[in-house]
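Peer 1:
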Amino acid sequence: MMNTSSYLKIGELAQQTGLSVGNLRYYSDLGLLEPVTRGENGYRYYSQQATQQVEFIKKAQAIGFTLEEIKQILDVRDRGETPCHLVQTLLDHKIEELEIKIKQMTLFKSELEGYRTDWIIHPHLQSSSAEICPLISSVSLNSEHNTP
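For the sequence shown, the working numbering gives the first residue as 5, with consecutive numbering after it.
(1) Can you confirm whether the region 39-54 touches the region 88-100 when touching is taken to mean that 3 or more C-beta pairs between the two stretches lie within less than 8 Å?
(2) Of all the options L71, R83 and K13, which has the alpha carbon lying nearest to the alpha carbon of N45?
(3) In whole angstroms, give me the CA-to-CA distance for Y119 and A64.
(4) Could you check what DSSP says for L36 in three-state terms: helix, strand or coil?
(5) Sort T21, R29, A134 and E73 by Cα distance to Y47 and report the nearest one.
(6) Based on the DSSP secondary-structure assignment, which residues constitute the bridge partners of L12?
(7) Taking the alpha helix (DSSP H) that E73 falls in, what are its first and last residues?
(8) Assuming C137 is part of the alpha helix (DSSP H), what are its boundary residues?
(9) Identify the continuous alpha helix (DSSP H) that holds H89 and give its terminal residues.
(10) Could you tell me the distance, in whole angstroms, from the CA atom of I104 to the CA atom of E72?
(11) Quick one, are the C-beta atoms of S141 and E135 less than 8 Å apart?
(12) Is the CB-CB distance between T21 and V58 below 8 Å?
This is the structure we're talking about:
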């Protein structure tokens, strides 16, 4: 039987990182956080460096990286390469996606403001008994920006 006294049990790692045991198990299942070993009792034992890896994961998530992207970054690191180029590429892609979303949301906001103005000008649109709200019934589904 191996000596596991220098390793952290998942509960200890959870306590040190502020994450739940469930989150840590999920990270393990995704390959983001590998236990050093499993005891005969099935317990997962982690190295002391696991706390730093969890902090890395939390920071990467805080700036918008998905768990899949974090896995890519960690895989590059595990191959012995520095993943900073990949991080910069992923970040550039995120910025481009945000710029597109900002433009889409700005157009959508303008469309909503147009509806608001129309509804102020024509507050008493005729309602048929089949309509729930004549204001919403006046919305055209042919618009490019009906969904955010």
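Every residue gets a Cβ at the ideal spot worked out from N, C-alpha and C, and that includes glycine. As the structure is a computational prediction, the values presented were derived from the model and not from experiment.
Peer 2: Here's the rundown:
(1) no
(2) K13
(3) 39 Å
(4) coil
(5) R29
(6) Y50
(7) L71 to D82
(8) No alpha helix (DSSP H) contains C137, which DSSP labels as neither H nor E.
(9) C88 to I125
(10) 22 Å
(11) yes
(12) yes
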